[in-house]
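The next block holds one structure in the form of structure tokens; read it before the comments.
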Amino acid sequence: MGKTKVLAETGAGQHGVALATACALVGIDCEIHMGEVDIKKEHPNVTKMKILGCKIVPVSRGTKTLKDAVDSAFEEYLKDPVTTLYAIGSVVGPHPFPKIVRDFQSVVGKEARAQFLETHNKLPDIVMACVGGGSNAIGLFTEFLPDDDVELVGVEPAGKGLDTPDNAATLTLGTKGAIHGFKCYNLQDDEGNPLPVHSIASGLDYPGVGPQHCLLKDLGRVRYESVDDKECLDAFMELSRVEGIIPALESAHAVAYAMKIAGGMDSDKTILINLSGRGDKDADFVADTLSL
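For the sequence shown, our numbering assigns the number 184 to the initial residue and increments by one for each residue that follows.
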């Protein structure tokens, strides 16, 4: 059978692990394109993919991260679109990929809404998720879009600061353009070329964002905020040591912003945060970064 060529949004590697698992189950060859920087940071997930029989293609061009891996996977797919299937874990790329990923991810929103109602007998006041390409956020938000009383907040990576070039706050600082076959807010230069971006979380370092998020921003239905790398690390450690839950660095961005605003809210108000992944993939990187 033909190979399945995929970019796993490397917040990653998680999507690559999921695809490698499915391919192993049904007997299809699987090839994951991944930036060399992300391979190093996300090595636990890379190891899982290799165990599952997946071929890892290291991408050494550009910033060696997510955008460059998408380039590589697209190029490989176009060499043989007949027997090759392209898959992606985020709500980016040309139609129908954003719709496909949103619809699958919406299961999270359906379950979260039902469970929150069962537990609290009301809907949350704020629903919050991190946003890079935007898959986990759009999956959560979709089920709450008709509920006008529920505030939706997406949290982007400010990286080393919004006043530096080392961030990936696309909806905060970006302008409308095109990347990878779709229109979106984009961190780009004057000629429309994507800029190098940075986030401590591998799954958020993308210069574009899903078109559905762009529409929700323009409509004013979702508010997009940002937190920097330090705030993310602080939240990662705080949640781990207070609740015993080690979040993915991607998810820790949403936790950080929730921590920032919770103190100013009434005690009867509620925040629903989407933890889009486990932090075991990030544990070694965080330990090295913080010299634990």
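Yeah, the Cβ is synthetic: ideal placement off N, Cα and C, and Gly gets one too. Everything numeric in this text was worked out from a predicted model, so none of it was measured.
Report task. Determine the extent of the alpha helix (DSSP H) in which ASP411 is found, giving its start and end residues. Result -> On the sequence shown, residue 411 is found 228 positions in, with the first residue counted as 1. Premise fails: ASP411 lies in the beta strand (DSSP E), 405–411, not in any alpha helix (DSSP H).
Requested in this report: Let me know the secondary structure DSSP gives ASN350 once reduced to three states.
Outcome: The residue given as residue 350 occupies position 167 in the sequence shown. Coil.
Query - Collapsed DSSP secondary structure at LYS359 in the structure displayed - result: The residue labelled residue 359 in the question sits at position 176 within the sequence shown. Three-state DSSP puts LYS359 in a strand.
Query raised in the report: Quick one: Cα of VAL336 to Cα of ARG406, how far?
Result: The count along the sequence shown starts at 1 and reaches residue 336 at position 153. The count along the sequence shown starts at 1 and reaches residue 406 at position 223. Near 5 Å, if we compare the C-alpha coordinates of ARG406 and VAL336.
Query raised in the report: TYR389 by DSSP, collapsed to three states: which one?
Result: Numbered from its first residue, the sequence shown carries residue 389 at position 206. Correct three-state label for TYR389: coil.
Query raised in the report: Where does LEU190 sit, in a helix, a strand or coil, going by DSSP?
Result: Residue 190 sits at position 7 when you count from the first residue of the sequence shown. Low local confidence applies: a pLDDT of 45 at LEU190 is under 50, so the model's placement there is unreliable, with the coordinate-based value given in what follows. Strand, per DSSP.
Query - Member of ASP349, SER434, GLY364 and ALA320 whose CA lies at the smallest distance from the CA of LEU399 - result: Against the sequence shown, residue 399 aligns to sequence position 216. When each option's Cα is compared against that of LEU399, the closest is ALA320.
Query raised in the report: In terms of residues, what are the limits of the beta strand (DSSP E) holding ALA312?
Result: Working through the sequence shown from its first residue, we reach residue 312 at position 129. That run of the beta strand (DSSP E) goes 309–313.
Query raised in the report: MET448 to LEU268, Cα distance in whole Å?
Result: Taking the sequence shown and counting its residues from 1, one reaches residue 448 at position 265. Taking the sequence shown and counting its residues from 1, one reaches residue 268 at position 85. Going from the Cα of MET448 to the Cα of LEU268 covers about 47 Å.
Query - Test item: CB-CB of PRO377 and LYS250 under 8 Å - result: Reading the sequence shown from its first residue, position 194 is the one you call residue 377. Reading the sequence shown from its first residue, position 67 is the one you call residue 250. Yes; because the gap between Cβ atoms is below 8 Å, this pair is in contact.
Query raised in the report: Are the beta-carbon atoms belonging to GLY393 and PRO281 less than 8 Å from one another?
Result: Within the sequence shown, numbered from 1, the residue matching residue 393 stands at position 210. Within the sequence shown, numbered from 1, the residue matching residue 281 stands at position 98. Yes, the pair counts as a contact, with Cβ atoms nearer than the cut-off.
Report task. Return the CA-CA distance between GLY185 and ILE234, expressed in angstroms with no decimal places. Result -> For this step, residue 185 is matched to residue 2 along the sequence shown. For this step, residue 234 is matched to residue 51 along the sequence shown. Note that GLY185 scores 42 on pLDDT, short of 50, meaning its location in the model is unreliable and no value can be drawn from it.
Query raised in the report: Hey, would you say LEU354 sits closer than 8 Å to GLU339, going by beta carbons?
Result: Taking the sequence shown and counting its residues from 1, one reaches residue 354 at position 171. Taking the sequence shown and counting its residues from 1, one reaches residue 339 at position 156. With a cutoff of 8 Å on beta-carbon distance, LEU354 and GLU339 are scored as near each other.
Query - Top-ranked residue by Cα proximity to GLY322, from VAL290, ASN350 and GLY460 - result: As a position in the sequence shown, residue 322 is number 139, starting the count at 1. The residue with the shortest Cα to Cα distance from GLY322 is VAL290.
Query raised in the report: Per DSSP, GLN371 forms a beta bridge with which residues?
Result: Looking up residue 371 in the sequence shown gives position 188. Bridge partners of GLN371: PRO377.
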